[in-house]
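In my numbering, the protein residues as written are 17 to 662.
Structure representation (structure tokens):
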């Protein structure tokens, strides 16, 4: 793999490479990248992988190679404290609604208007702000990553003042970017990579023009990140944040006050955000644009009018006042978005819908989304414009032994494609169990049957199990059933996604050594449990995406419109890649062993089932419970773990 990466970097060409667990793909791209002596961007899917590359892998390899290089870690702007936003949050202007939705009527010195919890968090952030050098919010362990204080003290592309900010010279984000521009190797994430490719981050020099190569790790995630990057969002939160920032006392003091009419525009906008939320509440989590109520279109029209009025009335004053100019630009941008969501759906020349619109709803209010149905063309165009070498790698890109589905998805069907299987001995280390006599997954009894079939295996392995579900509904049902079954005395600690942060659950899982963890979504990938704490992975059914989600529905319709088979071209390949991620949780090391239990009889009764099975690492297969018990007993005995299993 390292040789292919070196060739791609030397030849400034594109390479797509699947490398199974254990190949050492990180080292396989880092060594040639460092030896090439060129400027390289490495993009990863998660913050933890970014940190691992920066803090562990890169220093280790540079030391071994004896090639000192300048390395920089650059995160998205939401990871850096913003001095301007912190000053706004600390100002008495919070009483104007700076933390609307958090007000409890308490006063806490300068944090007037904030709830007690938020005020405490803000004080911790303020203390830390006086000591931090990097301003990376990950440094402040005393305030959780999910704390609602962070959006108040970090910037977004919308509310950043860029070079016109009075604190620009002391900006942590600018400092991190300067460091990145001077580095040989820069570690970023996919969101940042896409933002930079699209030159979205106004006011800052961009990173990519100077790069000779871009290496995309966890590349299976890139098409979805690209879909978001090419898309547009308009939310109640964006409208409320503009109102908040315009009406904070610090802003009002700086911009020599606003007229009564301008403040009325803001009050009206606040009202529209509430009306929009009202219009979409109760309609469901994902709603197609053609099901939007008339009230929402009225809200969009009124919001656009108010935003335009505010922008028109501040045009002259904004010429001399940076603060006001930033607010006016945001108002114009939001007015454009209102227009986008209230207009007719665009179609391209082939009469296939090129983009799709839908809404989502949560306790923070509504969000409207607009995204391209297919990112292949725009993504390929960005790659071509950037030039240099492009390496896309992951453990899960192939369908069977074919990488063409992924290559087409990113618009690079002619890229060099290479496949390296895992060096782990799946023939000895793993067993695939396909239990018989289960109903089809559509049956209301299915989750109950999955648990009934899994319990003897969990008993044979002494816990040490992941139960992965394709829906929250199945996850909740399984958790309830297990709690009922184990009401008297639970044989193993039970950990359920959603009841604690993911990292906390995984830490407990490793520490207990005999726990049973129930997860969905985020537990299918990026979870690394080496050793014998995990010996069984149960997957309830093939992870087909829900076909009535607006974006997926539009993708399937586009394939059908051009005469393709949407099930075989889109749904099956995507489900294969997701299944490979789930199965990949089991064997993470040469000493690991265990059982994969797939509880979907379509694997053996449908033609496409063979493609799923052929895409998995080659391992023995059984339908007999007894063989599974013997396999586990043999391995647990060899690992001196038998006394701790039942």
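Cβ coordinates follow ideal geometry from the N, Cα and C atoms, glycine included.
Counting only runs of 3 or more residues that sit fully inside the segment 281-360, the beta strand (DSSP E) segments are 302-304, in chain order. Taken in chain order, the complete alpha helix (DSSP H) segments of 4 residues or longer contained in the segment 611-651 are 618-621 and 625-631. Per DSSP, the unbroken beta strand (DSSP E) holding residue 512 starts and ends at 510-512.
When DSSP states are grouped into helix, strand and coil, residue 566 belongs to the helix group. Burial state of residue 452 is exposed, judged by a 10 Å Cβ sphere holding fewer than 16 other Cβ atoms. When the beta-carbon positions are compared, residue 611 and residue 552 come within less than 8 Å of each other.
For residue 156, the CB contacts under 6 Å within the same chain, skipping 5 residues up- and downstream, are 144 in chain order.
Put simply, the segment 183-191 touches the segment 91-101. At least three CB pairs are less than 8 Å apart. Selection 140, 645, 80 and 89 evaluated against residue 105 yields 140 as nearest (Cα-Cα).
Unbroken beta strand (DSSP E) stretches of 3 residues or longer found wholly inside the segment 227-262: 229-232 and 248-251, given in chain order.
Contiguous alpha helix (DSSP H) elements confined to the segment 25-110 occur at 41-52, 63-68, 74-81 and 99-106, taking only those with 4 or more residues. Look at the beta carbons and you see the segment 418-433 touching the segment 390-400: at least three pairs across the two are nearer than 8 Å. In this structure, 390 is the residue among 598, 390 and 348 with its C-alpha nearest to the C-alpha of residue 573.
By the criterion of a C-beta distance shorter than 6 Å, residue 324 is surrounded in its chain by 351, once the five residues flanking it on both sides are discounted. Within the model, the alpha-carbon separation for residue 485 versus residue 562 is close to 13 Å. Note that the segment 230-239 touches the segment 201-213; at least 3 beta-carbon pairs, one per stretch, sit closer than 8 Å. The alpha carbon of residue 597 has as its nearest neighbour, out of 174, 616 and 414, the alpha carbon of 414. Distance from the CA atom of residue 162 to the CA atom of residue 234, rounded to whole angstroms, is 24 Å.
Residue pairing from DSSP places residue 554 in a beta bridge opposite 483 and 613.
Under a 10 Å Cβ-count criterion, residue 66 is classified as buried, with 16 or more other Cβ atoms of the shown protein chains found around its own Cβ. Excluding sequence positions up to five before and after residue 393, its CB lies within less than 7 Å of the CB of 427, all in the same chain and listed in chain order.
Only residues of its own chain outside the window of five on either side were considered, and among them 93, 98 and 101 have a CB closer than 6 Å to the CB of residue 171, listed in chain order. For residue 381, the enclosing beta strand (DSSP E) covers residues 381-388.
Residue 374 carries a strand assignment under DSSP once its states are collapsed to helix, strand and coil. Note that the C-beta distance between residue 262 and residue 290 is not below 8 Å. Taking a cut-off of 8 Å for Cβ pairs, the segment 296-308 and the segment 323-340 do not touch, as fewer than three such pairs fall below it.
Sequence-distant Cβ neighbours of residue 638 in its own chain, meaning closer than 7 Å and more than five residues away, are 447, 449 and 644. Residue 51 is positioned such that its CB atom lies no closer than 8 Å to that of residue 78. Contact check for residue 654 against residue 407 fails: the beta carbons are separated by 8 Å or more. Taking residue 575 as the centre and dropping the five residues before and after it, the same chain places the C-beta of 581, 582, 585 and 586 closer than 8 Å to its C-beta, in chain order.
Residue 501 counts as exposed, since fewer than 16 other C-beta atoms from the protein chains shown sit within 10 angstroms of its C-beta.
Residue 17 sits close to residue 436, with the two beta carbons spaced by under 8 Å. A distance of 8 Å or more separates the beta carbons of residue 385 and residue 356. Measuring C-alpha to C-alpha distances from residue 603 to each of 444, 646, 199 and 657 identifies 444 as the nearest. In the DSSP assignment, the residues bridged to residue 406 are 30 and 230. Annotated as proximal: residue 454 and residue 615, with beta-carbon spacing under 8 Å.
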